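Line by line, the protein sequences give chains A and B.
For what it's worth, our numbering labels the leading residue of the first sequence as 4, then goes sequentially.
For what it's worth, our numbering labels the leading residue of the second sequence as 249, then goes sequentially.
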Amino acid sequence: MKRYWIFAAAALAVVLLGVAVWWFFFRKDLSNQIVLPYIGHQKPLVDPHIPHSVPLSDKLDEVVFDGLFNRSANPSGVVYEDGLGELIDISTENVITVRLKPAEKWHSSFQVRMDGDKVAGVDELTPVLFTAQDLNFTLRRIQRLGSLSQDYIIVSQALSSFDFEGPDNNGEIRFRFKSDRQWTEDDIKEVLSFKILPHTAEIAGRDYREGTGPYLAVSPAAEVTNYFASPARQARLENVILKPYVDNSTFTTELRNGNFNVLLETPFGSISPILGDQEEFFYKSRISSTLFAVLFNTQRLNLEQRVELRKLINNRLLLNRFFKVGTEQQRHISDYKGNQDNYEDYLNHSVFPSSSHYVADSVVFPIMVEGAPNVSILPDSIRLVASLNHGNREEYRELVEIFNDPTLFGGKIRAFDVQDEDIKQGNYDAILIAVDGYMSNFFFDFYSLFLREPDLAVHQINLKTTTNSKGEVVPSPQSLRANGNFNRLDATQPGPDQQKLVEFLEAMHGFMYTNHIGDRYYYAEQLNQLEYDLALGRWLFSLPSLAYFRSQFNDRSIDLYGEATQLSTIEKWEERRDD
Amino acid sequence: MLRKTTFLLVLLFLAGCSAYKELKPKPEVVAQEGEYIELRKGDKNFELKKDKRYFLSFPAVAEPNFYLVLQSADLPRLTTYLTRVKPKKDQNPVKMDDQDSNASNDVFALDGTVASFYWVVEGIREDMKPSISYRYMPIWRYRFETKSAEFQLTLEQNRVGRQEFDGLGTTVPISDIVPGSKLSDAQRKNDVLKGIQGEMLEIESIFPPRIRNSNDKAYLAYQDFRAELNEELQFQENYMALMQALKTERDTRGRPGDFIAASGDFLNFFERSNSYPANVQEAVKRAVGQRLPDLTNYVDQQVRQKRDASPINIPIANLRQLYEATGRRPDRRFSDLADFIDLYNRNAESVAAAAKGADAIRADINKIGSWPGNDVYPQLARRADQLISPGASSSATYGGYAPLPAVTALTREAAQAAREVSTLKDQLNRAGSIVSQINSLRSGGDYRSIIRVLKQNEDIGFLMRQYADVDSRSIDQQEQAIAAAFNRQDWAAAESGLRNLYEDTNFLDPSGVAARKREVTRRVEDNLVSAVEQASKTRINEFIEANKGNYRDVEALYASDAFRPAHVLTFSSGGANVLEQQNQKVQNYLDGLKLDRFPALAIETIYKEFQRDIRTDGVAKGKAIIIHGKYYKGEDQKIKNLIAEVNPSVPKWITKPSEYRKVYLVPVNDAQSGANEYMLRLNIRIPSDAKFPVYDVNLKLPREIAANSETEAWYTSMTLNREPLKNEGRFAITAPTKGNDYTSQITPLRVNKEGNNILEIRFKHSSFKVLEVNVMAQRPIIKK
């Protein structure tokens, strides 16, 4: 018996030693790296001036680019830091003097030397310095983008013309800000926080990689690049690695397995039970940025049918099923305010999500969908489609399953996982769609909802504008053509909805184009009402935004806040030191 | 060197003198009266070369009126002249006139202006040796000697024949005489001889004193010729007088009026008849005397045809004398007629004299200025007393001529003159008394009584004229009395005087003075109105000046009498409507001050003080401005703004974004209490290109108001266009804290793009004073 115990102990020791040896040789070393997952066929395209449907795209803006001033954060909230400029003076006449930093280098001043997959070093080339010409180019680009760019809205609040005087011998330039307010230092830095591109860039490019920001692209020619800390900056972690995955179904497992160390959007936005070890992981919540909606095909459903279909789809029911509320598998959530399992807060009752400023701050009052649906006027079967190939796969799959539950909608709705071509052809009565990266601040993006090309593989906004007799920029009805949006809205074709569609388009453009808060509120009210009247979709709910980090990082070095992109403080992230 | 220079000077001198050569006669020229003396050089004549020029000096003479006479047959071949200056080359001498046109004589009048005269030979036709004589002689002698023969001849040629004269009435019948032609012939000759007589007198006038009564032959010849000439001239005078008388007699035949008119000339002839021989006297008496009887009828006819009372214009005395001069006796008819004319003319002249005397007095009366002294008319009255009143002459005194129209006219005029003299005396006597009375009244300024006295004596026209301005004086006196009342600011008395003046009809010439009375009445009335207005203005201005800074009991200020006219007028020449307008004008002016200038000035003054020291009586000052503002009806936006600045119920306009504006908050309640109410009203009217503008409204509050905002709301109500504003949704009213410098922000405040946006905030506080709040609205911006 005694011998038996001896053998057992020896065997255990051998096993433990083997495990130790295996861990030592095969453990995943993510030190000095920030590794982020992405959906392999949804490659992030970086354009710092317009939003993109792939959420990582917008987040990478902060990695690569600088503004004259950078919007950042600290534990107390938003801070503005000098970027490529330095605020010198604010005159009583609202002339803003900014000194352009004279030695800021574009990333093309460096060449990254690779050793296999790893960066062997960074060589300095002939310096390419930031100049006023770059600033001028960027301003022209923003002005050209107009309402497609939130930077246009912000800058146009302050500048009547997108230009400046200078630079003088001191490298100082002067902006003449509008005189309708007292511009504080923070206001000015906010206005001048747009990201700056080199003047050699294409003005109508799709993917920009050369900036002056904390990280430079490792392989500029590749479709997806990794990033390495710029020698010109002091990012605390050298590598930013983008790791491709087929979908998000394995994200939590992969994080747990140490294949990456930052998961910016957790499936379902819920707390993951497998990442519950607080010694290994920590999470940070922020305001929602993904919503789910069912958009109705106006070419196949008339207004009356759409109204009834809207009634038929009970979003609260869906939400509860989605989060398995009241079951043992309930997906728990936690918001940035510290609330737990507050699912109701994520229900949307308007085209404006409940998290948005417009609903949260009572700019608009969602019109609640009430009453029993008259299913008799609906088609026998509502063909609801979804694509599981473009992110949010887990969520889509769950929702498709729920929609197909015959106990919920009387079997009226049949949900299908379809290919992109079906969607392009409009072969659906309704489409389940997730809108990623929406902003809950003033810049809720209507174009992404109603003017997006119905092709989930690309992000194209079909806005067409013209100038009216008053010289005002107005939307062209050509912006709304049946094959140009998920709702199959067509303002060019006669029909019972046409007049309201034109109004809707105008209100949408007015909302996106104006830089006056009051006007934006007005258009928001209009859009709220018009969308309800037109019954363009059923607004389901938003996802909580929950980012998981491995405890490799010092959680106090990572500041996420409100509406800002999650990577805006990335150069300050640091690894935890146990001492 | 000196020698060379001297030599050259001598040469130059000689060269300069070489143009004229002086002729020096021997014997030398002697400047004294004498005979002709030949100019020679010794025993030779001077030799004159062609192309040479010569001169010869003649000394001046001491006596005046002397000629230098040069005589030569060669003179016509020489060009000469006499000058006072020695001739030189290239000189332009003043040439003296040659007094004789005879080419062989050069005659020059000498004088004492120079010591020597120079006779210059300027041109010589050929070389010659002329024989030239000179002579100094008095001018009278030269003239008489050169004219005496001519005078004698002229006298002889112009003598009047004496045969007819000597034989008139004896050998020559008067009827053979043609007096007209005789008279004209004698007159022509007489004129010629009088010309000679003139020249003789001219020569005589330059006789040197020594020549008179001398035995100078020329002088004696002159005297003889002159006597002969005078005798002939005297005869011609008598001859022509005779011929004139004969011609007149002949010319007036058949024209008795003309003969009578020439009666004086005949009498003049007879007065000098002693200058004529007896035959001539008798012949003329006969010619004239035989014309006299025919004149009686003519005179009688003239008398009977006369119609007026003027003297008869016939020289009846001349006719009587002609009767006497011609030795004839007038018949009785002529004598009666002449006597009548004498009587009539005496009476006519008496009437004329009385009328003339009265006229003279009247003329003197007319010369009397206005407002005469007391002694003026008594003096004139005494003169009038001395006027002899023409008797009421009876026509019977004219005998057979009494029925003549002229007599009737004269009798009537005599009676008229007598009456006038009597009336004049009476008026003068009364005028003396009246003037004395008037002067007494005048000293008391009682012109209205003077007018009454004068009107009682309106028949004395000259007095009316002399006091023609009494009406004006009466008006002036009344005007002055009213002016004195003005000066005493006795408006009632002034107005009473005006009314009396307006109603006054006691004037010498009411219509004549009406315009002036109207003008004075109008002026006085205007003055009264102006004076009342000015007094009212002065009083109100003093009141305003004294009270513009008064901020206590302001309401009572507006009840002051100063805002009413100094005197309410009760009379106007223009009637009730005008009176009403006049009173209303003053009241309107005062109302204007009451409702415009006074509150405006007070508001400006108090506001300045309010701003200077808001802590001392700030509420009282503010309330005063508000009360003044209540009365202010002016249009001055600046004043309105000042009122608005203080009046809590008036919204303060916010028209510019981003600029802080100070707002004074005066308590709403008038009296201090435990919880005094304050109200801030803003009207946000900021131009915006937004369709639906929104603003951040920042209120920087006094610490004392905001200090407790953490425990209780600092405001009791906040509305925008009467709609309550509450902290909800996007809308926020931030609490004023020490951390935000006690700034409360209202955001986003959505306003109407057009129209008023009245933001009203009420709060209560224990303090009772003026609070200062700084307000700013600006456009909020969209941030990421």
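Cβ coordinates follow ideal geometry from the N, Cα and C atoms, glycine included.
The structure displayed is predicted, hence computed values, not measured ones.
For residue i, the three-state DSSP class (helix, strand or coil)
i         : result
Met1024/B : strand
His55/A   : coil
Ala418/A  : strand
Met511/A  : helix
Lys888/B  : helix
Ile862/B  : coil
Lys1032/B : coil
Ile873/B  : helix
Tyr629/A  : Since the first residue shown for chain A is 4 and the last is 582, residue 629/A is missing from the structure and cannot be characterised.
Tyr315/B  : strand
Tyr7/A    : helix
Gly290/B  : coil
Asp623/B  : coil
Ser965/B  : strand
Ala13/A   : helix
Pro972/B  : strand
Asp154/A  : helix
Lys948/B  : strand
Spatial neighbours of residue i in its chain, beta-carbon cut-off 7 Å, leaving aside the 5 residues before and after
i        : result
Val258/B : Because Val258/B sits at a pLDDT of 44, beneath the cut-off of 50, its placement in the model cannot be relied upon, and the point is left open.
Val408/B : Ala434, Lys437, Phe483, Gln484 and Tyr487
Pro40/A  : Lys246, Tyr248, Phe254, Glu257, Phe263 and Leu266
Pro899/B : Arg929, Leu930, Asn931 and Ile1006
Asp542/B : Pro504
Gln445/B : Leu477 and Leu481
Ile562/B : Ile508, Val547, Gln550 and Ile589
Glu282/A : Ser554
Contact under 8 Å by Cβ, residue i with residue j
i        : j        : result
Lys62/A  : Leu267/A : yes
Leu322/A : Phe544/A : yes
Tyr879/B : Leu843/B : yes
Ser163/A : Lys181/A : yes
Ser233/A : Phe68/A  : no
Leu567/B : Leu540/B : yes
Ile385/A : Lys427/A : no
Phe517/B : Ala489/B : yes
Thr903/B : Arg933/B : yes
Same chain, Cβ closer than 8 Å to residue i, neighbours up to 5 away in sequence not counted
i        : result
Ile609/B : Leu628, Arg631, Ala632, Leu635, Leu672 and Leu676
Arg770/B : Ser821
Tyr467/B : Phe455, Ile459 and Arg460
6 Å CB neighbourhood of residue i in its chain, flanking five on each side removed
i        : result
Glu534/A : Val354
Ala954/B : Trp962, Pro984 and Tyr990
Asn795/B : Leu805
Lys269/B : Tyr302
Paired residues, beta bridge with residue i - DSSP
i        : result
Asp118/A : Lys121/A
Asn77/A  : Gly80/A
Val101/A : Leu90/A and Ile176/A
Trp901/B : Asn931/B
Ile372/B : Leu326/B
Any non-hydrogen atom of the ligand ATP within 7 Å of residue i CB
i        : result
Phe419/A : As for the ligand ATP, it is missing from this structure, which has no ligand bound.
What are the start and end residues of each continuous alpha helix (DSSP H) run of 4 or more residues lying completely inside the stretch 413-475 of chain A, in chain order? DSSP runs (the alpha helix (DSSP H)) wholly in the stretch 413-475 of chain A: 423-428 and 449-453.
In chain order, each alpha helix (DSSP H) run of at least 4 residues that lies wholly inside the stretch 336-380 of chain A: Within the stretch 336-380 of chain A, the runs of alpha helix (DSSP H) that reach at least 4 residues and sit entirely inside it are, in chain order, 360-363.
Contained alpha helix (DSSP H) runs [length at least 4] in the stretch 179-263 of chain A, N- to C-terminal order: Runs of the alpha helix (DSSP H) inside the stretch 179-263 of chain A: 188-194 and 254-259.
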